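Participant:
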Amino acid sequence: MLTALFLGTGLAFISAAPVAGPVSAMIFTLGMKGKQAKGRWVALGAGVVEGAYAFLALWGFTAFMQKLSYIEVLSKILAALILGALGFHFFRSKKMRKPAALSNQADEYHNAPKAFAIGAGLSAVNISLIATWTAAITTLYSMNLFQFSKLNSLLFSLGVTVGIYVWFSVMLSILVKHRSQLKPGMLDKGLKGMGIFLLGLCVWIVYRLVTEHLFNA
Numbered sequence: 000m001l002t003a004l005f006l007g008t009g010l011a012f013i014s015a016a017p018v019a020g021p022v023s024a025m026i027f028t029l030g031m032k033g034k035q036a037k038g039r040w041v042a043l044g045a046g047v048v049e050g051a052y053a054f055l056a057l058w059g060f061t062a063f064m065q066k067l068s069y070i071e072v073l074s075k076i077l078a079a080l081i082l083g084a085l086g087f088h089f090f091r092s093k094k095m096r097k098p099a100a101l102s103n104q105a106d107e108y109h110n111a112p113k114a115f116a117i118g119a120g121l122s123a124v125n126i127s128l129i130a131t132w133t134a135a136i137t138t139l140y141s142m143n144l145f146q147f148s149k150l151n152s153l154l155f156s157l158g159v160t161v162g163i164y165v166w167f168s169v170m171l172s173i174l175v176k177h178r179s180q181l182k183p184g185m186l187d188k189g190l191k192g193m194g195i196f197l198l199g200l201c202v203w204i205v206y207r208l209v210t211e212h213l214f215n216a
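The sequence shown begins at 0 in numbering that gives the first Met the number 0 and counts up one residue at a time.
Right, here's the structure in full:
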């Protein structure tokens with residue numbers, strides 16, 4: 000049983016590491032603003048939804064989703080819009096370039112439900128997570144590392160939630176700790192670089208959508 004839990008945690012921790020999605024970008028933004036508590040609630044919301052998607056992948060939900068391909072297209076459009084907005088924010092935001100003020104923990108915890116909902120929503124629109132976890136689970140199945148029972152499926156999904164939350168908590172701690180040590184010029188270049196990267200991801204998603212669904216129609 001514990002094998003399923005640990006595998007889910009480890010895989011989720013590794014898969015969350017690249018800062019290349021709406022959730023990562025949002026948490027990076029909060030970390031740069033010194034809002035660690037709010038970022039953790041966003042991470043928890045995202046982790047819960049991704050854990051649920053992993054559970055659905057275990058039970059063959061991908062086959063059902065293939066019949067509703069328009070949902071995947073819609074999720075990609077939403078992801079492109081979110082990444083584009085965040086990329087522009089990173090590139091232009093003056094607030095993120097100011098020294099991080101000490102955040103009011105009471106206010107952040109008061110807004111916990113909203114932050115949780117933001118994280119959950121950002122993960123929920125990314126339907127492709129089901130396909131990602133299907134590929135990972137297929138590999139695990141071929142390795143015969145644990146029995147795919149209902150209990151193990153729940154434990155694996157719980158592990159995914161834990162792994163996502165732990166990674167983003169580590170990321171937030173690093174950002175909050177070292178953010179104030181960055182020189183203004185270096186910080187500006189780093190934020191602009193992140194903005195360009197996210198805008199590039201937005202363009203790439205749009206390009207893939209156009210080539211896959213218009214030219215191949």
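Ideal Cβ placement from N, Cα and C applies to all residues, glycine included.
Given the structure is predicted, the values throughout are model-derived calculations rather than measurements.
Taking the Cβ atom as the reference point for each residue, do S122 and V48 lie within a distance shorter than 9 Å?
Facilitator: A contact, by the Cβ cut-off of 9 Å.
Participant: Taking Cβ positions, are G277 and A78 nearer each other than 9 Å?
Facilitator: The requested residue 277 is not part of the displayed model; the chain covers only 0 to 216.
Participant: Roughly how many whole angstroms lie between the Cα atoms of A56 and A36?
Facilitator: Going from the Cα of A56 to the Cα of A36 covers about 30 Å.
Participant: Note the first and the last residue of the continuous alpha helix (DSSP H) segment covering G46.
Facilitator: From DSSP, the alpha helix (DSSP H) with G46 extends over Q35 to L57.
Participant: Which whole runs of the alpha helix (DSSP H) in the segment 113-170 are 4 residues long or more, in chain order?
Facilitator: Taking only runs of at least 4 residues, the alpha helix (DSSP H) segments lying wholly in the segment 113-170 are 127-142.
Participant: Which residue wins for smallest C-alpha separation from L6, given the options Y206, H88, S156 and V22?
Facilitator: Looking at the Cα atoms, S156 is the closest of the given residues.
Participant: Under a three-way DSSP split, which group does G194 fall into?
Facilitator: Reduced to three states, the DSSP call for G194 is helix.
Participant: Less than 9 Å between the C-beta atoms of A3 and V161, yes or no?
Facilitator: Against a cut-off of 9 Å, the Cβ pair of V161 and A3 comes out as no contact.
Participant: Give me the Cα-Cα distance between L200 and L82, rounded to the nearest whole angstrom.
Facilitator: L200 and L82: Cα-Cα distance of roughly 7 Å.
Participant: Alpha carbons only, please: which of G50, L174, V124 and G38 is nearest the one belonging to I136?
Facilitator: For the residues G50, L174, V124 and G38, the minimum Cα distance to I136 belongs to G50.
Participant: From G9 to T210, what does the alpha carbon distance come to, in whole angstroms?
Facilitator: One C-alpha to the other measures close to 35 Å.
Participant: Just mark G189 as buried or exposed, buried being the case when its beta carbon has 16 or more other beta carbons within 10 Å.
Facilitator: So G189 ends up on the exposed side.
Participant: Take S168 and list the residues in its own chain whose beta-carbon comes closer than 7 Å to its own, dropping the five residues that flank it on each side.
Facilitator: R39 and A42.
Participant: Does DSSP put A3 in a helix, in a strand, or in coil?
Facilitator: Here A3 sits in helix by DSSP.
Participant: Please state whether the Cβ-Cβ distance between L197 and L29 is less than 9 Å.
Facilitator: Against a cut-off of 9 Å, the Cβ pair of L29 and L197 comes out as no contact.
Participant: Can you tell me the Cα-Cα spacing of S278 and D187, whole angstroms?
Facilitator: A question about residue 278 goes unanswered here, because the residues of the chain that appear run from 0 up to 216.
Participant: Nearest by alpha-carbon distance to N110: which of M170, F54 and K34 is it?
Facilitator: Out of M170, F54 and K34, K34 has the C-alpha closest to the C-alpha of N110.
Participant: Are the CB atoms of G46 and Y164 nearer to each other than 9 Å?
Facilitator: Contact flag set, yes.
Participant: CB S14 to CB T133, shorter than 9 Å?
Facilitator: Not in contact: S14 and T133 (Cβ atoms no closer than 9 Å).
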